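Colleague:
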Amino acid sequence: MIIDPRLTRLAANLADYSTALKAGEHVLIDAFDVPDAIVIALIRAARARGAFPHAQIHRARIARELAIGATEGQLAAHAAVELARMRRMDAYIALRGSGNIFESSDIPADRMKLVSRLMKPVQDYRVGRTRWVVLRWPTPAMAQQARMSTEAFEDFYFRVCTLDYRRMGPGMRALAALMRRTDRVHLKGPGTDLRFSIRGIGAQECGGLRNIPDGEVFSCPVIDSVEGHVQFNAPTVYLGSSFDAIRLEFRRGRIIQATGSDTRRLNEILDSDPGARSIGEFSLAFNPHILEPIRDILFDEKIAGSFHFTPGQAYEGVGNGNRSQVHWDMVCIQRPEFGGGEVWFDGKLIRKDGLFLPKALQRLNPAHLLSGQ
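In the numbering used here, the protein residues as written are 35 to 407.
1) Output the distance between the C-alpha atoms of Asp278 and Gly309, rounded to the nearest integer angstrom.
2) Is His402 helix, strand or coil when you go by DSSP?
3) Taking all protein chains shown into account, do 16 or more other C-beta atoms lie within 10 angstroms of the C-beta of Pro87, making it buried, or fewer, making it exposed?
4) Can we say the stretch 153-168 touches the stretch 121-136, given the rule of at least three CB pairs closer than 8 Å?
5) Taking all protein chains shown into account, decide if Asp198 is buried (16 or more other Cβ within 10 angstroms of its Cβ) or exposed.
6) Taking the continuous beta strand (DSSP E) assigned at Pro39, which residues delimit it?
7) Suppose the cutoff is 7 Å on Cβ atoms and the five residues either side in sequence are ignored; what does the same chain contact list for Arg288 look like?
8) Do Thr196 and Arg78 have their C-beta atoms closer together than 7 Å?
9) Ile28: which of Asp307, Ala71, Glu59 and Gln108 sits nearest, CA to CA?
10) Taking C-alpha atoms, which residue in Gly274, Tyr191, Arg83 and Leu300 lies nearest to Ser139?
11) When you compare each of His402, Leu169, Gly249 and Gln347 to Ile257 by their alpha carbons, which one comes out closest?
12) Nearest-angstrom Cα distance between Gly294 and Leu300?
13) Smallest Cα separation from Asn134: which of Trp171, Ala118, Leu398 and Cys240?
14) Would you say the stretch 240-248 touches the stretch 330-337, given that touching needs at least three Cβ pairs under 8 Å?
15) Does DSSP put Thr270 in a helix, in a strand, or in coil?
16) Can you grab the Cα-Cα spacing for the pair Val271 / Phe66, in whole Å?
17) When burial is assigned at 16 or more other CB atoms within 10 Å of the CB, is Pro255 buried or exposed?
18) Say yes only if the C-beta of Val68 is nearer than 6 Å to one or more non-hydrogen atoms of the ligand FAD, and no if none qualify.
19) Express the C-alpha separation of Ala85 and Trp166 in angstroms, rounding to a whole number.
20) Drop a sphere of 10 angstroms on the beta-carbon of Ala118, count the other beta-carbons inside from all chains shown, and report buried for 16 or more, exposed for fewer.
21) By how many angstroms is the C-alpha of Tyr51 removed from the C-alpha of Val360?
22) Entirely within the stretch 167-191 and at least 4 residues each: give me those alpha helix (DSSP H) ranges in chain order.
23) Alpha carbon to alpha carbon, how far is Pro345 from Met146? Give it in angstroms, no decimals.
24) Using three-state DSSP, classify Pro327 as helix, strand or coil.
25) Could you give the DSSP three-state label for Leu391: helix, strand or coil?
26) Using the three-state DSSP reduction, which class does Gln407 fall into: helix, strand or coil?
27) Applying the 10 Å Cβ sphere with the 16-neighbour rule, what's the burial state of Leu102?
28) Output the distance between the C-alpha atoms of Ser231 and Phe136, rounded to the nearest integer angstrom.
29) In terms of alpha-carbon separation, which member of Pro204, Pro400, Leu212 and His220 lies closest to Gly381?
30) Cα separation between Arg81 and Arg201?
31) What would DSSP say about Glu350, mapped onto helix, strand or coil?
32) Tell me, please, which residues DSSP counts as bridged to Ser295.
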């Protein structure tokens, strides 16, 4: 089969850089509504490095049908099989494409909660014990969300996903080091006045090793330290439902009020379990190619000049111990065309209107990251 050279290049990046496959290792290629050609390109890339590829093919409409009538016994058996397989894997590559991002919107909320709860051990093992990378796949539906032609969106997609992420390294390391030294964070902007501590939590650089596209450094609030309110200006889709203009108010680390374009469904999700109303992640993003939200979180959470704040599950290693079946990255863009905003660390302004100010962090501004591209 003749493969588009863009797919071959992307597959090589995923195998070499993102998952660093080695001879004798097992990698699971989890393909959700994507063309056979990229799966074949990944299989070839894994074999070329002496690794053993495994592939699983998913279809959104079939997954919906299984979920909509699933019982706890059925899902528990499925989860046990998936966990047993994941335990044999050294690496995991997921490609997620779908013609309809709202395919699961009519699955009853209690059924979605059941699926999330029973499949959580599989996700936890994958995140904590394998080298993994997840990426979306360009579709006409995504192009429509981005208000672009299909061809233009595909060009954008491959430009973003084959970015030389190594260029982010120096700036990311400097930002992560600063976060590790920081106690108090203050976020300001239209509708936003939010204060919290990240003391002792740590920080993690994300430059193409876990998500593609990538470009963020994340930490996590001390669980009871969040005070104030935040207004998110990027639309979001979660569990098949669409939301705009989400506003959260906090007291002692808990969300005490949540409103948005679908306030009822928003609060239904935040009431999924006790941990869903606490925050499990705080991140600053800087991908220079991603400037506008397209209602796809793997892209939107990397928007240049944005931050995201995440109700729900915290990551192991860089987290506050919060546990939840929810992990919902909500995005606020602080560039001037979105109203601007400021990020303060321990009383020092480190980012204004989306641009980093300290010299060591200016390497994460678009002018630097795009130079020579």
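We treat Cβ as the ideally placed atom computed from N, Cα and C, and that holds for glycine.
These figures come from a predicted structure and were not determined experimentally.
Modeller: Once the coordinates are examined:
1) As a first step, residue 278 is located in the sequence shown; it is residue number 244 there, counting from the start. As a first step, residue 309 is located in the sequence shown; it is residue number 275 there, counting from the start. For Asp278 and Gly309, the distance between alpha carbons rounds to 23 Å.
2) Translated into positions along the sequence shown, residue 402 becomes position 368. Three-state DSSP puts His402 in a helix.
3) Counted from its first residue, the sequence shown places residue 87 at position 53. Buried: at least 16 other Cβ atoms inside 10 Å.
4) With the cut-off at 8 Å, the stretch 153-168 and the stretch 121-136 touch.
5) Indexing the sequence shown from 1 puts residue 198 at position 164. Answer is exposed; the Cβ neighbour count stays below 16.
6) By 1-based counting over the sequence shown, the position of residue 39 is 5. Not the beta strand (DSSP E): Pro39 falls in the alpha helix (DSSP H), residues Pro39 to Asn47.
7) Residue numbering aside, residue 288 sits at position 254 when the sequence shown is read from its first letter. Same-chain partners within the cutoff: Arg311 and Ser312.
8) Translated into the one-based positions of the sequence shown, residue 196 becomes position 162. Translated into the one-based positions of the sequence shown, residue 78 becomes position 44. Against a cut-off of 7 Å, the Cβ pair of Arg78 and Thr196 comes out as no contact.
9) Only positions 35 to 407 of the chain appear in this structure, which leaves residue 28 out of reach.
10) Taking the first residue of the sequence shown as position 1, residue 139 is located at position 105. Answer by Cα proximity: Gly274.
11) The residue you call residue 257 lines up with position 223 of the sequence shown. Proximity to Ile257 across His402, Leu169, Gly249 and Gln347 peaks at Gln347, based on C-alpha coordinates.
12) On the sequence shown, residue 294 is found 260 positions in, with the first residue counted as 1. On the sequence shown, residue 300 is found 266 positions in, with the first residue counted as 1. If I take the Cα positions, the gap works out to 7 Å.
13) The residue you call residue 134 lines up with position 100 of the sequence shown. The residue with the shortest Cα to Cα distance from Asn134 is Trp171.
14) Result yes; three or more Cβ-Cβ pairs closer than 8 Å.
15) As a position in the sequence shown, residue 270 is number 236, starting the count at 1. In the structure shown, the three-state DSSP call for Thr270 is strand.
16) Here residue 271 corresponds to residue number 237 of the sequence shown, with the count starting at 1. Here residue 66 corresponds to residue number 32 of the sequence shown, with the count starting at 1. So the alpha carbons of these two residues sit roughly 17 Å apart.
17) Here residue 255 refers to the residue found at position 221 when the sequence shown is read from its first residue. Its Cβ being crowded by 16 or more others within 10 Å, Pro255 is buried.
18) Looking at this structure, you won't find the ligand FAD or any other ligand, since it has none at all.
19) Along the sequence shown, read from residue 1 onward, the residue named residue 166 stands at position 132. Along the sequence shown, read from residue 1 onward, the residue named residue 85 stands at position 51. If you take the alpha carbons of Trp166 and Ala85, they lie about 15 Å apart.
20) Within the sequence shown, numbered from 1, the residue matching residue 118 stands at position 84. Around the beta carbon of Ala118, a 10 Å sphere encloses fewer than 16 other beta carbons of the protein chains shown; the residue is thus reported as exposed.
21) As a working mapping, residue 360 is identified with position 326 in the sequence shown. As a working mapping, residue 51 is identified with position 17 in the sequence shown. Their Cα atoms are separated by approximately 29 Å.
22) With a minimum length of 4 residues, the unbroken runs of alpha helix (DSSP H) contained wholly in the stretch 167-191 fall at 174-179.
23) Here residue 146 corresponds to residue number 112 of the sequence shown, with the count starting at 1. Here residue 345 corresponds to residue number 311 of the sequence shown, with the count starting at 1. If I take the Cα positions, the gap works out to 17 Å.
24) Residue 327 sits at position 293 when you count from the first residue of the sequence shown. Looking at Pro327 - three-state DSSP - the assignment turns out to be coil, as it is neither helix nor strand.
25) The count along the sequence shown starts at 1 and reaches residue 391 at position 357. In this structure, Leu391 counts as coil in the three-state DSSP scheme.
26) Indexing the sequence shown from 1 puts residue 407 at position 373. With a pLDDT of only 49 at Gln407, under the threshold of 50, the placement of this residue in the model should not be trusted; the figure read from the coordinates follows. In this structure, DSSP gives Gln407 a state outside helix and strand, which the three-state scheme calls coil.
27) Here residue 102 is taken as the residue at index 68 of the sequence shown, counted from 1. According to the sequence displayed, residue 102 carries Ile and not Leu. Result: exposed.
28) In the sequence shown, counting from the first residue as 1, residue 231 sits at position 197. In the sequence shown, counting from the first residue as 1, residue 136 sits at position 102. Cα-Cα distance, rounded: 36 Å.
29) Here residue 381 refers to the residue found at position 347 of the sequence shown. Among Pro204, Pro400, Leu212 and His220, the Cα nearest to that of Gly381 is on His220.
30) Counting from one through the sequence shown, the residue named residue 81 turns up at place 47. Counting from one through the sequence shown, the residue named residue 201 turns up at place 167. Arg81 and Arg201: Cα-Cα distance of roughly 28 Å.
31) Locating residue 350 in the sequence shown gives position 316, where the first residue counts as 1. Residue state, collapsed to three classes: coil.
32) Counting from 1 along the sequence shown, the entry for residue 295 is found at position 261. Partner(s): none; Ser295 has no beta bridge.
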